[in-house]
Each structure stands twice: as structure tokens, then as C-alpha cells.
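Novice:
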């Protein structure tokens, strides 16, 4: 099976609707297909990566720790829209610190999150073969 | 062109399923190939044969089943999404200790890998959502 460049676009808040959780499930299952995977978080989707999530009061499962495991699934290109962060009063420090281990550099730990602007997002959508939107 | 279609919303509340159906039907009539139709999120609710809409309204579920029969469409319902929402075939129902099943003709239950495979094998993945 050929390798394609898959871009997952996550645009919704982690709770309130199921899209964030079920998008993450596709990413994890999809990892087994060994494709070239990129994740993009924009609009309310940036809240999915927020650190310190506590869902006790809404009786929903807090699935945010799962994002920390993405590096182990070789999902290590995680783009976050700067404008969406700005609009919501968030910065990189408000997000979980996602990392991956680079096998080619003696398993050096590297940051997965890359902050991008809207022009770079347009480029991302252009250069990927498939856009999966959630 | 070869398409995979993702349907992300259920019938009647959102237009997504109607539009997905119209797109799929039009593509087939134009001679395009539909590799797969994948039902995800609330889209799995398009696959219950217990739906009984008023007689003067369209029957979204039956319409999908008939399209599948006519064109031998592969219509896949995500198992994880279906389990959450109470969509089951006889095997799934038995496996989970339930007393009924409701999967409409022409649909089959399978995993998310079927969506990824569709995305890889097709020229276009077209997502119909809210």
C-alpha cells in the first residue's frame, strides 16, 4: 500500500461534542497504517491540547493524557494555529508539552508542537494528499 | 475518479447525510467509482433499520440501502462509534449480550482502519459533516 500524507484537522473543543475524542481514535488506529501523519489544531480545537484538564464536574472521561502518547505512535508533527491561540488568550505554555524520541539521534527528545500562522496552514492543506476534518 | 465518502452526522437533524447521499448517487450516475462510504460519529445512526419517518418524508436509511443494492456499494459503519450509539448487527448484539439488533440491509460493521484504507486507496476523501 502506498504511503500518503494525511492531515487531520481538529477544530472543535475537547468536550461538548464527541468529535475530538473520535478524531483521536482515528489517529491512533490510523497509526498502524504507517502513513505520513500530520495533526493540525485550530479554532476551538486548540483547547484539546490544553494542560490541566479536569472533567470531574461534567462526568466525561478525561482523554487528554492520550495526546502525550502520540509520540510513541510516531505522530510527531503537531501544528497549532497561532491566531486561534491568540483569540482564546492562550499561549504555548498553556498546552501540554508533547514530545517524541528521534531514533536517528540516539532517541533525543524533541518537541512535537509547531506553532503556525494561517498562510502556513494553507500550505499544509496544499501539500497533504488527504485532509481528514473533525 | 475514485471516492471514499465519510458521513459524520445522523439522519434528519443535519443535512450532511442527505448531501452525502446526493453526492454519492450523482457520482455513481456520472460513472465515478465509490470505493467506500464510511459512517462515523452520529453518522452511524444512518444505519438503523428501525427508523420510521412519516410517509410523506424521505426515508434516509432505506435510500442508502437501496443505493447500496443498486450499485453494490461498500457501506461501513464504525464499530466503536456504533457501540456507543446502539447500532448493532446480530453478531455484535450477541457479542455484547444485547437482546436486539438493528443494522439495515447493505451496511456492515467494521473498524476505523476501513476509513484510513479508503483515504489511502481513493483519489479523494470527501467528508460530509456539520
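Chains as they are written, first to last, in the working numbering: chain L, 1 to 134; chain S, 135 to 264.
Positions of the beta carbon are idealized from the N, C-alpha and C atoms, including for glycine.
Does the beta carbon of residue 6 of chain L sit closer than 8 Å to a beta carbon anywhere in chain S?
Specialist: Answer yes: the Cβ-Cβ gap between residue 6 of chain L and chain S drops below 8 Å somewhere.
Novice: Output the distance between the C-alpha atoms of residue 133 of chain L and residue 22 of chain L, rounded to the nearest integer angstrom.
Specialist: Rounded to whole angstroms, residue 133 of chain L to residue 22 of chain L spans 11 Å at the Cα level.
Novice: Give me the DSSP bridge partner(s) of residue 111 of chain L.
Specialist: According to DSSP, which records beta bridges pairwise, residue 111 of chain L is partnered with L/99.
Novice: Decide if the region 111-129 of chain L is in contact with the region 221-234 of chain S; the criterion is three or more beta carbon pairs, one per stretch, under 8 Å apart.
Specialist: These segments do not touch.
Novice: Do residue 92 of chain L and residue 70 of chain L count as a contact pair if the criterion is CB distance below 8 Å?
Specialist: Not a contact, by the Cβ cut-off of 8 Å.
Novice: What residues from the region 8-25 of chain L come within 7 Å of chain S, judged by C-beta to C-beta, listed N to C?
Specialist: Within the region 8-25 of chain L, the qualifying residues are 18, 19, 22, 25.
Novice: Please state the DSSP three-state secondary structure of residue 73 of chain L.
Specialist: If DSSP states are grouped into helix, strand and coil, residue 73 of chain L belongs with the helices.
Novice: What are the residues that DSSP puts in a beta bridge with residue 168 of chain S?
Specialist: Answer is S/137.
Novice: Output the boundary residues of the beta strand (DSSP E) element that contains residue 5 of chain L.
Specialist: 5-10 is the extent of the beta strand (DSSP E) around residue 5 of chain L.
Novice: Under 9 Å between beta-carbons, which chain S residues line up against residue 75 of chain L? List them in chain order, please.
Specialist: Those within 9 Å of residue 75 of chain L in chain S number zero; the least Cβ separation is about 13 Å.
Novice: So, at 6 Å on beta carbons, what are the nonlocal neighbours of residue 261 of chain S in its own chain, with the 5 sequence-adjacent residues on each side left out?
Specialist: Closer than 6 Å at Cβ, skipping near neighbours: 140.
Novice: Would you please state the rounded distance, in angstroms, between the beta carbons of residue 174 of chain S and residue 259 of chain S? I believe it to be under 8 Å.
Specialist: With 8 Å as the limit, residue 174 of chain S and residue 259 of chain S do not qualify as a contact, their Cβ atoms being about 12 Å apart.
Novice: Tell me whether the beta-carbon of residue 12 of chain L lies closer than 8 Å to the beta-carbon of residue 44 of chain L.
Specialist: Against a cut-off of 8 Å, the Cβ pair of residue 44 of chain L and residue 12 of chain L comes out as a contact.
Novice: Counting Cβ pairs closer than 8 Å, one from the region 180-195 of chain S and one from the region 161-169 of chain S, do we hit at least three?
Specialist: Counting Cβ pairs under 8 Å, fewer than three are found: no touch.
Novice: Could you have a look at residue 68 of chain L and say whether DSSP puts it in helix, strand or coil?
Specialist: Three-state result, residue 68 of chain L: helix.
Novice: Could you have a look at residue 214 of chain S and say whether DSSP puts it in helix, strand or coil?
Specialist: Residue 214 of chain S falls in the helix class under three-state DSSP.
Novice: Any idea if residue 107 of chain L is buried or exposed, counting beta-carbon neighbours within 10 angstroms, 16 or more meaning buried?
Specialist: Counting Cβ neighbours within 10 Å, residue 107 of chain L comes out exposed, since fewer than 16 surround it.
Novice: Look at residue 5 of chain L and residue 254 of chain S and say whether their C-beta atoms are less than 8 Å apart.
Specialist: No, these two residues do not count as a Cβ contact at 8 Å.
Novice: Any contact of the region 24-42 of chain L with the region 67-86 of chain L, i.e. 3+ C-beta pairs under 8 Å?
Specialist: Yes, they touch.
Novice: Using CA coordinates, which residue listed in S/203, S/216, S/256, S/188 is at the minimum distance from residue 237 of chain S?
Specialist: That would be S/216, whose Cα lies nearest to the Cα of residue 237 of chain S.
Novice: Would you say residue 116 of chain L and residue 9 of chain L are within 8 Å of each other, going by their C-beta atoms?
Specialist: It is not a contact, given that the beta carbons lie outside the stated cut-off.
Novice: Report the residue ranges of all alpha helix (DSSP H) runs contained in full by the region 188-235 of chain S; include only those spanning at least 4 residues, in chain order.
Specialist: Fully enclosed alpha helix (DSSP H) runs of 4 or longer: 194-205, 213-219, 224-229.
Novice: With distances taken between CB atoms, is the gap from residue 50 of chain L to residue 95 of chain L smaller than 8 Å?
Specialist: For residue 50 of chain L and residue 95 of chain L, yes; Cβs fall inside 8 Å.
Novice: Measuring only the C-alpha atoms, how far is residue 178 of chain S from residue 104 of chain L?
Specialist: Spanning the two alpha carbons is a distance of roughly 42 Å.
Novice: Shortest alpha-carbon distance to residue 28 of chain L belongs to which of S/257, S/264, S/246?
Specialist: The option with the nearest alpha carbon to residue 28 of chain L is S/246.
Novice: Applying the 10 Å Cβ sphere with the 16-neighbour rule, what's the burial state of residue 109 of chain L?
Specialist: Answer is exposed; the Cβ neighbour count stays below 16.
Novice: Pick out whichever of L/26, L/41, L/7, L/67 has its Cα sitting closest to the Cα of residue 84 of chain L.
Specialist: That would be L/41, whose Cα lies nearest to the Cα of residue 84 of chain L.
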